[in-house]
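**Student:** Below is a structure I'd like to ask you about.
Number of protein chains: 2
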Amino acid sequence: MAAGSRREILGGLGASLALAGLGSGRAVGATRKIGYAVVGLGSYATRQIMPNFAGCEHSRLVALVSGTPAKLEQYGEQYGIAKTHRYSYADFDRIRDNPDIDAVYIVLPNSLHAEYSIRAAQAGKHVMCEKPMATSVVECEAMIAACRKAGTKLMIGYRSRFEPYNKLAIELARAGHVGPTRLITAEHGFPIQPGQWRLDKPLSGGGSMMDIGIYSLNAARYLTGEEPVEVSAIESTDRSDPRFRTVEDRITFALRFPSGIEANCISSYSSAHNGYRVIGTEGSIDMEPATPYVGQVMTIRKGGRTEPRTLPAPRKNQFAGQLDHLAECILNGNRPIVAGEEGLADMRVIEAIYRSAAERRHVSLRA
Amino acid sequence: MAAGSRREILGGLGASLALAGLGSGRAVGATRKIGYAVVGLGSYATRQIMPNFAGCEHSRLVALVSGTPAKLEQYGEQYGIAKTHRYSYADFDRIRDNPDIDAVYIVLPNSLHAEYSIRAAQAGKHVMCEKPMATSVVECEAMIAACRKAGTKLMIGYRSRFEPYNKLAIELARAGHVGPTRLITAEHGFPIQPGQWRLDKPLSGGGSMMDIGIYSLNAARYLTGEEPVEVSAIESTDRSDPRFRTVEDRITFALRFPSGIEANCISSYSSAHNGYRVIGTEGSIDMEPATPYVGQVMTIRKGGRTEPRTLPAPRKNQFAGQLDHLAECILNGNRPIVAGEEGLADMRVIEAIYRSAAERRHVSLRA
């Protein structure tokens with residue numbers, strides 16, 4: 000997948016670019032690409048993010064940050080990253096002095112998101128931070144404040160917002176294509192393998208909810224366009240399972256939104272789930288799988304008919320779309336559609352979910 | 000559908016019957032059929048139950064009870080019920096004197112279930128009562144006590160327990176066909192039309208939960224074979240909708256079972272739902288629709304494959320199976336698999352669901 004990436008990323012494409020914002024009077028620069036430093040070279044960074052700079056119009060990979068010299072060497076060579084643009088964590092703050100780096104993409108364990116996002120902002124760099132944004136509301140607020148103070152953008156890696164089927168589902172749900180939405184179900188989970196930082200609470204901040212359940216939560220929020228006012232959650236974790244010594248396994252949560260929509264959601268580390276359904280008064284929009292890297296399937300039921308809805312392959316996949324969105328926002332001075340406040344909104348609900356499960360009561364989220 | 004019913008029901012089939020219990024040493028009488036009085040001639044009784052005596056081996060329709068003389072006349076003629084076997088509610092207790100009536104099938108509005116079940120028991124008749132069993136735990140307990148005192152059987156109309164796909168789903172789920180069950184989702188609902196007794200709380204005892212959500216609850220219980228220990232529910236009802244002046248619209252509820260299984264369930268009077276899914280560590284069993292009168296669809300996902308599971312048409316449909324089950328229990332002296340205690344178990348959880356939604360807290364159901 001990464002073959003040819005270097006030429007495509009770094010080569011002079013030369014030609015003028017067809018730009019989303021062109022007609023608005025706030026065009027992006029026609030030749031400049033935003034330079035990203037990827038911070039953390041785990042599997043998501045190396046397998047999903049880095050290969051997809053090849054499909055970007057406005058983004059390029061210019062620097063790497065890792066605590067493992069062998070990874071810096073391997074990926075540095077693979078992506079043609081100069082030795083001067085390979086950083087250890089001890090060197091991290093020196094990114095300030097590298098004008099090729101416009102933005103960082105934080106792909107570290109969750110508990111490090113806040114620290115490195117804030118240090119990046121303090122180094123004058125824009126920030127893309129993987130979800131969950133951090134491990135607490137307090138951290139999210141500090142990240143937003145730091146980026147505001149530094150005048151840098153802050154965006155959270157909600158890739159599904161750049162994926163055509165999810166974009167269509169949002170449009171259809173909010174337009175009442177199957178009647179006004181009454182209920183949403185959303186399920187995400189997978190049987191987790193032992194031996195990962197995700198199972199170590201000091202690094203992850205939590206279990207399935209932080210890692211995969213957040214997709215159910217975020218979907219419920221983006222499909223409604225509303226913020227929940229009431230949360231109830233029940234956790235089920237076998238603490239004798241060595242995987243779950245410090246983090247939760249399953250957590251089911253219900254959300255009530257101001258319009259009356261209810262969402263019934265699942266998060267699991269011991270069973271496979273990937274889907275959501277929007278149920279309106281006249282039918283339903285089904286997405287299963289809903290948030291994989293590729294292969295979304297949409298089915299619409301309405302008026303007694305059940306039909307698949309197939310979209311043409313997108314010009315850019317969701318990863319490239321996400322990377323380029325921050326780049327365009329930087330170039331055009333716009334606000335990301337999934338700015339820090341979006342990550343904060345999820346984190347407020349996640350904290351309420353954990354509180355509801357722990358205190359065995361509903362938690363109100365009225366402002 | 001009812002064409003030919005009379006001949007089939009009342010005609011002398013003559014031939015000896017192949018009987019389920021024959022090998023057990025407690026055979027049913029080879030020629031006797033249990034005589035039912037149907038109490039309440041609404042659409043469920045007249046469209047679903049009464050035509051299905053035609054498919055029964057051990058049950059026959061022998062009497063009708065209704066407050067509407069025109070219905071007694073119409074259905075009495077259609078099913079060949081003698082005028083002496085047609086009763087008004089004022090006459091109800093006279094069923095005691097009719098030896099043709101072995102059992103009654105109570106298909107009245109929910110709030111009348113307890114009274115008529117108890118009066119039937121006091122008249123010496125066995126009782127089949129439609130679900131929900133009643134409108135409170137107290138009523139359910141009184142019904143059980145009355146039937147116990149009278150020495151009559153009490154069975155609740157959980158028809159899905161006699162439907163082949165549901166029976167298979169129970170078998171597969173409990174046998175761990177897709178690994179030990181970790182989560183269950185169950186959704187039932189329909190957009191209700193105004194002007195029904197179901198929307199009048201004094202008659203119904205509650206809204207969607209009593210009427211249709213009970214299918215989600217009962218499925219979660221029969222698929223696990225366990226009783227929930229913790230319940231959490233959130234209600235969403237637009238009280239300005241004329242349909243929902245006295246009863247709830249939507250209610251989502253989560254159940255935690257002793258083994259750690261969680262069930263995430265939906266009940267709705269404003270959107271269409273009919274399905275459940277059993278998610279194990281190795282795959283899932285999907286039923287959608289799960290509990291229609293006809294047309295169940297089962298899909299099993301396991302080992303990367305998604306395959307439909309198709310069963311041959313049953314010898315008896317679920318309605319005839321249900322009617323004959325009580326008949327066989329009467330003839331053989333057995334206990335129904337869905338006795339009064341089953342209706343009581345659902346009602347205990349329904350009361351906990353309502354309490355959780357009203358008091359905005361989790362409700363413990365530990366014994």
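Chains as they are written, first to last, in numbering that gives the first Met the number 0: chain A, 0 to 366; chain B, 0 to 366.
We put the CB at the ideal spot given by N, CA and C, even for glycine.
Quick one: is A:Leu182 near chain B, going by C-beta distance under 8 angstroms?
**Tutor:** The sequence position of residue 182 of chain A within the first sequence is 183, counting from 1. Cβ-Cβ to chain B under 8 angstroms: yes for A:Leu182.
**Student:** Under 8 angstroms between the Cβ atoms of A:Glu306 and A:Gly178?
**Tutor:** Along the first sequence, one-based indexing puts residue 306 of chain A at 307. Along the first sequence, one-based indexing puts residue 178 of chain A at 179. No. Outside cutoff.
**Student:** Kindly indicate which three-state DSSP category B:Ala232 falls into: helix, strand or coil?
**Tutor:** Taking the second sequence and counting its residues from 1, the one referred to as residue 232 of chain B is at position 233. In this structure, B:Ala232 counts as strand in the three-state DSSP scheme.
**Student:** Any beta-carbon of chain B closer than 8 angstroms to the one on A:His187?
**Tutor:** Working through the first sequence from its first residue, we reach residue 187 of chain A at position 188. No, A:His187 does not count as interfacial toward chain B.
**Student:** Go through its chain and collect everything with a Cβ distance to A:Ile48's Cβ below 8 angstroms, but skip five positions before and after it.
**Tutor:** In the first sequence, counting from the first residue as 1, residue 48 of chain A sits at position 49. Same-chain partners within the cutoff: Val37, Tyr104, Val106, Phe318 and Leu322.
**Student:** Please confirm if the segment 156-164 of chain B is in contact with the segment 250-267 of chain B, defined as three or more CB-CB distances below 8 angstroms between the two stretches.
**Tutor:** At 8 angstroms Cβ cutoff, the stretches do not touch.
**Student:** A:Lys200 lies in the alpha helix (DSSP H); which residues open and close that run?
**Tutor:** Within the first sequence, residue 200 of chain A is the residue found at index 201, counting from 1. A:Lys200 -> alpha helix (DSSP H) spans Lys200 to Ser203.
**Student:** Apart from the five residues on each side of it in sequence, which residues of its chain come closer than 6 angstroms, Cβ to Cβ, to B:Thr134?
**Tutor:** Position 135 of the second sequence holds residue 134 of chain B. Asn109, Ser110 and Gly204, listed in sequence order.
**Student:** Residues in its own chain within less than 6 angstroms of A:Lys200 by CB, not counting five upstream and five downstream?
**Tutor:** What you label residue 200 of chain A is simply residue 201 of the first sequence in a count that begins at 1. So the qualifying residues of the chain are Thr245 and Val246.
**Student:** My output table needs one value for A:Thr45: the three-state DSSP class, helix, strand or coil.
**Tutor:** The count along the first sequence starts at 1 and reaches residue 45 of chain A at position 46. Reduced to three states, the DSSP call for A:Thr45 is helix.
**Student:** Cα separation between B:Ala113 and A:Arg359?
**Tutor:** Looking up residue 113 of chain B in the second sequence gives position 114. Looking up residue 359 of chain A in the first sequence gives position 360. In a straight line, the C-alpha of B:Ala113 is about 34 angstroms away from that of A:Arg359.
**Student:** Ignore the nearest five residues each way along the sequence and tell me which others in B:Gly24's own chain have a CB closer than 6 angstroms to its CB.
**Tutor:** Residue mapping note: residue 24 of chain B aligns to position 25 of the second sequence, counting from 1. Low confidence applies to B:Gly24: its pLDDT is 38, below 50, so where it sits in the model is not reliable enough to give any reading.
**Student:** Restricting to runs no shorter than 3 residues, where is the beta strand (DSSP E) found entirely within the segment 157-192 of chain B?
**Tutor:** As far as the segment 157-192 of chain B is concerned, its whole beta strand (DSSP E) runs of at least 3 residues are 180-188.
**Student:** Can you grab the Cα-Cα spacing for the pair B:Gly123 / B:Ala149, in whole Å?
**Tutor:** Sequence index remark: in the second sequence, residue 123 of chain B carries index 124 (1-based). Sequence index remark: in the second sequence, residue 149 of chain B carries index 150 (1-based). Cα to Cα, the separation comes out at about 6 angstroms.
**Student:** Would you mind telling me which residues of chain A sit closer than 9 angstroms to B:Ala253, beta carbon to beta carbon, in chain order?
**Tutor:** Along the second sequence, one-based indexing puts residue 253 of chain B at 254. Chain A residues near B:Ala253: Ser231, Ala232, Ile233, Thr251, Phe252, Ala253 and Asn263.
**Student:** By Cβ distance below 8 angstroms, which residues in the same chain neighbour B:Pro68 in space, the five residues on each side in sequence not counted?
**Tutor:** Reading the second sequence from its first residue, position 69 is the one you call residue 68 of chain B. So the qualifying residues of the chain are Ser87.
**Student:** Let me check one thing: in DSSP terms, what residues is B:Asn217 bridge-paired to?
**Tutor:** Taking the second sequence and counting its residues from 1, the one referred to as residue 217 of chain B is at position 218. Note: B:Asn217 sits in no beta bridge, so no partner.
**Student:** In chain order, what residues of the same chain have a beta carbon less than 6 angstroms from the beta carbon of B:Gly224, not counting five sequence neighbours either side?
**Tutor:** Your numbering for residue 224 of chain B matches position 225 in the second sequence. So the list reads Arg173, once near-sequence residues are dropped.
**Student:** Give the interface partners of B:Ser267 over in chain A, defined as CB-CB distance under 7 angstroms, in chain order.
**Tutor:** Reading the second sequence from its first residue, position 268 is the one you call residue 267 of chain B. Chain A residues near B:Ser267: Arg181 and Leu182.
**Student:** Closest by CA to B:Ala89, which one among B:Ala312, B:Asn316, B:Gly66 and B:Ser266?
**Tutor:** Reading the second sequence from its first residue, position 90 is the one you call residue 89 of chain B. If we check each option's Cα against that of B:Ala89, B:Gly66 comes out closest.
**Student:** My parser needs the alpha helix (DSSP H) runs of 4 or more residues fully inside the segment 68-109 of chain B; what are they?
**Tutor:** Taking only runs of at least 4 residues, the alpha helix (DSSP H) segments lying wholly in the segment 68-109 of chain B are 68-77.
**Student:** With DSSP as the reference, identify every bridge partner of B:Asp285, one or two as the case may be.
**Tutor:** As a first step, residue 285 of chain B is located in the second sequence; it is residue number 286 there, counting from the start. Note: B:Asp285 sits in a beta bridge opposite B:Arg276 and B:Thr298.
**Student:** Give the single residue among B:Glu76, B:Gly212 and B:Pro50 whose Cα lies nearest to the Cα of B:Asn273.
**Tutor:** For the purposes of this step, residue 273 of chain B is identified with residue 274 of the second sequence, where counting begins at 1. Closest option to B:Asn273, Cα to Cα, is B:Gly212.
**Student:** Around the Cβ of B:Val348, are there at least 16 other Cβ atoms within 10 angstroms (buried) or fewer (exposed)?
**Tutor:** Locating residue 348 of chain B in the second sequence gives position 349, where the first residue counts as 1. Buried, since its Cβ has 16 or more Cβ neighbours within 10 Å.
**Student:** Helix, strand or coil for A:Glu56? Go by DSSP, reduced to three states.
**Tutor:** If you number the first sequence from 1, residue 56 of chain A lands on position 57. In this structure, A:Glu56 counts as coil in the three-state DSSP scheme.
**Student:** Just how far apart, CA to CA, sit B:Glu186 and A:Tyr157?
**Tutor:** Sequence index remark: in the second sequence, residue 186 of chain B carries index 187 (1-based). Sequence index remark: in the first sequence, residue 157 of chain A carries index 158 (1-based). About 28 angstroms.
**Student:** Kindly list, in the order they appear in chain B, the residues whose Cβ is closer than 8 angstroms to that of A:Pro201.
**Tutor:** Residue numbering aside, residue 201 of chain A sits at position 202 when the first sequence is read from its first letter. Per Cβ cutoff of 8 angstroms: no residues; A:Pro201 is ~25 angstroms from chain B at best.
**Student:** Under a Cβ-count criterion, where at least 16 other Cβ atoms within 10 Å of its own Cβ denotes burial, should B:Glu170 be classed as buried or exposed?
**Tutor:** Here residue 170 of chain B is taken as the residue at index 171 of the second sequence, counted from 1. Under this definition B:Glu170 is an exposed residue.
**Student:** Taking the alpha carbon of A:Gly294 as the point to measure from, which residue in A:Gly303, A:Ser283, A:Arg308 and A:Lys301 has its own alpha carbon closest?
**Tutor:** Along the first sequence, read from residue 1 onward, the residue named residue 294 of chain A stands at position 295. Closest option to A:Gly294, Cα to Cα, is A:Arg308.
**Student:** Roughly how many angstroms lie between the CA atoms of B:Pro313 and B:Pro335, to the nearest whole one?
**Tutor:** Taking the second sequence and counting its residues from 1, the one referred to as residue 313 of chain B is at position 314. Taking the second sequence and counting its residues from 1, the one referred to as residue 335 of chain B is at position 336. Those two C-alpha atoms are separated by around 20 angstroms.
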